[in-house]
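Protein chains in written order, with the numbering used here: chain A, 340 to 582; chain B, 1186 to 1407; chain C, 4 to 66; chain D, 170 to 386.
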Amino acid sequence: MTLLDLANPTRFLSLTAKVLPWLAAATAILLAVGLYQSAMAPDDYQQGATVKIMFIHVPNAWLAMFVWGVMSLSALGTLVWRHPLADVSAKAAAPIGAAFTFLALVTGSLWGRPMWGTYWEWDARLTSVLILFLMYLGLMALWRAVEDPTRAARAAAVLTLVGAVNLPIIKFSVDWWNTLHQPASVMRMGGSTLDKAFLIPLLTMAVAFSLLFVTLHMAAMRNEILRRRVRSLQMMQAGQQAA
Amino acid sequence: MTALAALIRRDLRVALRVGGGALIGVLFFLTVVVLMPFALGPDLALLKRLGPAILWLGALLASLLTLDRLFTADHDDGSLDLIVMSRAPLELACAAKAVAHWLAAGVPLIVATPVLGLLLNLDGQATLAVALTLLAGTPALTFTGMIGAALAVTLHRGGLLLAVLVLPLSIPVLIFGVAASNAAIAGPDGFGAPFSILCALSLAGLVIGPVAAAASLRHGLD
Amino acid sequence: MTLATMLGPYASFIVASYAIVGAIVVALIAWIALDYRTQKARLRELEAGGARRRSGRGVTDIA
Amino acid sequence: MQPAAITESRNVMESAAFRLVGRALTCIRGGREIFADLGFSLSAGEALAVTGRNGAGKTSLLRLIGGLLKPAAGTIVLEGSPDESPPAEQAHYLGHRDALKPALSVAENLRFWHAFLGGERDSPPAALAAVGLDHIAHLPAGYLSAGQKRRLSMARLVAVRRPLWLLDEPTSALDTAGQALFATLMTDHLAKGGLIVAATHAPLGIATRELRIGGAA
């Protein structure tokens, strides 16, 4: 790693040191407000209190897709501009995205349980999220399989972009497969039909979770930069002959 | 004994470190099981009926595919020569490697079974039954698979050839594994007999697998 | 008013969802914080090791 | 128990009766006769340099002695050995490949072979210091250069004591300092009454007898 390559990550590190505390504080405040609003929200006339699960399910589901978008942008950065921070951003985002996707699945299944009578129904929406989850796990496995981070970054970038192109196709296929077998999904999450009483807590929570992602992502990127420094220092140490 | 413990510890460490593929087997298992409903349709009653069979097929393929590198990795870096030359009997060294592989790749499959059971609409008791049969049966899969893995070293190729060689050998395990799971789900009768045969298969594999693998390695090295 | 009466018949599902989200988010934060500490410690150790080697060489030079 | 066993084996190693003898060896690989009717004898404290052109069967001879190949004809015995175990179990084999796992640290790699090979042993840290790798013991073996990997393999020979060393092109990846270090290790080993059989093109830096196979190079 040359000094020039280190320049950008170094500036990034000093930036995170300044920004992270503020971001964390903003996230905490917004989360608290969001939680309060969702606690105060009235029951839905159809779903009763279970509508409260929506306030955490929808932000997680939205982040599950958003994080893949962030990774796709980073993948472009890796492949087109070969920016060292892009690799770091893509790698740091993957486990966080996988966690949000997992939460979207779990909360979706808990939300569906009262309606379906089972924890899992091969509902079009949830099934798509499940496939997204599998793709996240595959991507993380790819990152783990290759020790050299720059080589892993190229491979992961290609896979991320292929995934981004494929996700709409998968979504469409799953929807088609699902309607073939059963009537439309029980869950309703149409934004426009949503009452204002639900919309405000939902939006607050969505912004709060997005901020949470930005905070976590920044912190994880910082860790990854440090990890790479440790690695290159260790390589340098290995190169030195014993005295 | 310390030699074998050291071998098990090393293989576990390598499997769990970066570059090791212990958890990829679970991911493969998950993916195979998730694929099934897309072929069969999302009919929960059907999935519930086929659940044990799907889980067993997934576990069979997952444990087989992860076995591919059991000996070839050691052969490629030269470790296998030293293992063959060592004072520890090669049969026991093979058994130790199989145990390490089962711990790193087989046990995670069993742990993942409840989650997959949920996706296939299996109830708690059925999931428990499948997990129990997998616990009793996956060692047999590892021990028969290791014969193929040893042959892969001899033949300088693995992958599909390994699968073709080993899959027929694992048919008995599949039969009694699925039979025991279905017996536990459908009724109280008949779980004991297939389950004990499954255990017997694992015990027989424990004896036959290492001996056959060691014989294959001894004669196949060059 | 207890939680159960407030949240209706499916209180356990609602509480469970919030609890799981909380647990995973806390686990993520803990993992990232711990990772930061380990990397920082390793970096410090490596830098200290390099410094020690240099000073060690100095000592032998004097001797 | 342990110290008694050590002194006993040392005495045997030092006695002149301890010899590695190969008689009328024929090696056939892949239907091709590599060499035939090959004989050699090596006493304690001696090194044998096996030379010959590429494909003459230098590596095959080492693998025959190590029991990794079966001779088509002939025998290999360690005469005057303290136990009845075959030469393979009293030998170290240092092949082309270093038998290291890149994911494990330098110390973990050595500790594994130390525990796995067993028998009479020195401590792994001392062996690492002997080959000059103690300052990077905690690093993954994957970070090492080819020469450093070779040194780590050499540490195995030091950490676990075996009377017979089978070395296949041992100095190929080593720099001058590494070759000098290895020469010292081999001299020590011979002085303790050990035996060395090395397949090599380059001089090893120690006094050796030569076994040329397959005619002129």
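Each residue gets a CB set at the ideal place from its N, CA and C atoms; glycine is no exception.
Identify, in the order they occur along the chain, each residue of the same chain with its Cβ nearer than 6 angstroms to the Cβ of residue i, setting aside the five sequence neighbours on each side.
i: residue 395(A); result: 446
i: residue 513(A); result: 463, 466, 467
i: residue 402(A); result: 439, 548, 552
i: residue 377(D); result: 216, 218
i: residue 296(D); result: 324, 327, 328
Applying the 10 Å Cβ sphere with the 16-neighbour rule, what's the burial state of residue i?
i: residue 254(D); result: exposed
i: residue 515(A); result: exposed
i: residue 1253(B); result: buried
i: residue 353(A); result: exposed
i: residue 407(A); result: buried
i: residue 323(D); result: buried
i: residue 357(A); result: exposed
i: residue 504(A); result: exposed
i: residue 1229(B); result: buried
i: residue 529(A); result: Reliability fails at residue 529(A), whose pLDDT of 46 lies under 50, so the model's placement of it is uncertain and the value that follows must be treated cautiously. With fewer than 16 other Cβ atoms within 10 Å, it is exposed.
i: residue 1269(B); result: buried
i: residue 379(A); result: exposed
i: residue 21(C); result: buried
i: residue 1366(B); result: buried
i: residue 579(A); result: exposed
i: residue 411(A); result: buried
i: residue 41(C); result: exposed
i: residue 318(D); result: buried
i: residue 1222(B); result: buried
i: residue 1209(B); result: buried
Are there any heavy atoms of the ligand GDP lying less than 6 angstroms away from the beta-carbon of residue i, as far as the coordinates show?
i: residue 190(D); result: Among the components of this structure there are no ligands whatsoever, and the ligand GDP is therefore not found.
What residues from chain C crowd round residue i, counting only those whose CB sits closer than 7 angstroms?
i: residue 395(A); result: 20, 21, 24
Using only the alpha-carbon positions, how far apart do residue i and residue j sit?
i: residue 480(A); j: residue 1206(B); result: 8 angstroms
i: residue 409(A); j: residue 432(A); result: 8 angstroms
i: residue 1329(B); j: residue 1390(B); result: 6 angstroms
i: residue 1187(B); j: residue 293(D); result: 16 angstroms
i: residue 495(A); j: residue 299(D); result: 42 angstroms
i: residue 214(D); j: residue 359(D); result: 4 angstroms
i: residue 527(A); j: residue 541(A); result: Reliability of the predicted coordinates at residue 527(A) is poor, the pLDDT of 49 falling under 50, and the value obtained from them is presented with this limitation in mind. If you take the alpha carbons of residue 527(A) and residue 541(A), they lie about 14 angstroms apart.
i: residue 290(A); j: residue 425(A); result: Since the first residue shown for chain A is 340 and the last is 582, residue 290(A) is missing from the structure and cannot be characterised.
i: residue 212(D); j: residue 189(D); result: 6 angstroms
i: residue 484(A); j: residue 1353(B); result: 30 angstroms
i: residue 30(C); j: residue 1304(B); result: 25 angstroms
i: residue 508(A); j: residue 47(C); result: 48 angstroms
i: residue 1334(B); j: residue 1285(B); result: 14 angstroms
i: residue 545(A); j: residue 397(A); result: 8 angstroms
i: residue 1199(B); j: residue 271(D); result: 9 angstroms
i: residue 1212(B); j: residue 473(A); result: 8 angstroms
i: residue 1306(B); j: residue 453(A); result: 15 angstroms
i: residue 1264(B); j: residue 286(D); result: 12 angstroms
i: residue 1242(B); j: residue 1382(B); result: 18 angstroms
i: residue 374(D); j: residue 1276(B); result: 40 angstroms
i: residue 487(A); j: residue 277(D); result: 20 angstroms
Near residue i, which residues of its chain fall below 7 angstroms by C-beta distance, leaving aside the five closest residues on each side in sequence?
i: residue 337(D); result: 228, 231, 263, 264, 265, 368
i: residue 523(A); result: Summary for residue 523(A): the model assigns pLDDT 44, below 50, so the residue's position carries little reliability, and this model does not support an answer.
i: residue 241(D); result: 195, 196, 197
i: residue 1193(B); result: 1281, 1284, 1285
i: residue 1197(B); result: 1285, 1288, 1289
i: residue 1320(B); result: 1295
In chain A, what lies closer than 8 angstroms to residue i by C-beta?
i: residue 1209(B); result: 480, 484
i: residue 1229(B); result: 457, 460, 461
i: residue 1212(B); result: 473, 476, 477, 480
Apart from the five residues just before and just after residue i, which ones in its own chain have a Cβ nearer than 8 angstroms to its Cβ?
i: residue 274(D); result: 306, 307, 308, 309, 310
i: residue 517(A); result: 461, 462, 463, 466, 524
i: residue 344(D); result: 316
i: residue 497(A); result: 414, 418
i: residue 372(A); result: 543, 547
i: residue 248(D); result: 186, 187, 188, 189, 190
In chain A, which residues lie with their C-beta within 7 angstroms of the C-beta of residue i?
i: residue 45(C); result: 569
i: residue 313(D); result: 577
i: residue 1304(B); result: 459
Quick one: which chain B residues come within Cβ less than 8 angstroms of residue i?
i: residue 235(D); result: 1266, 1270
List, in chain order, every chain B residue whose beta-carbon is nearer than 7 angstroms to that of residue i.
i: residue 517(A); result: 1227
List, in chain order, every chain C residue whose beta-carbon is nearer than 8 angstroms to that of residue i.
i: residue 446(A); result: 20, 23, 24
| message | In chain order, what are the residue ranges of uninterrupted alpha helix (DSSP H) at least 4 long that sit wholly in the segment 1189 to 1244 of chain B? | response | Here the runs fully enclosed are 1209 to 1225.
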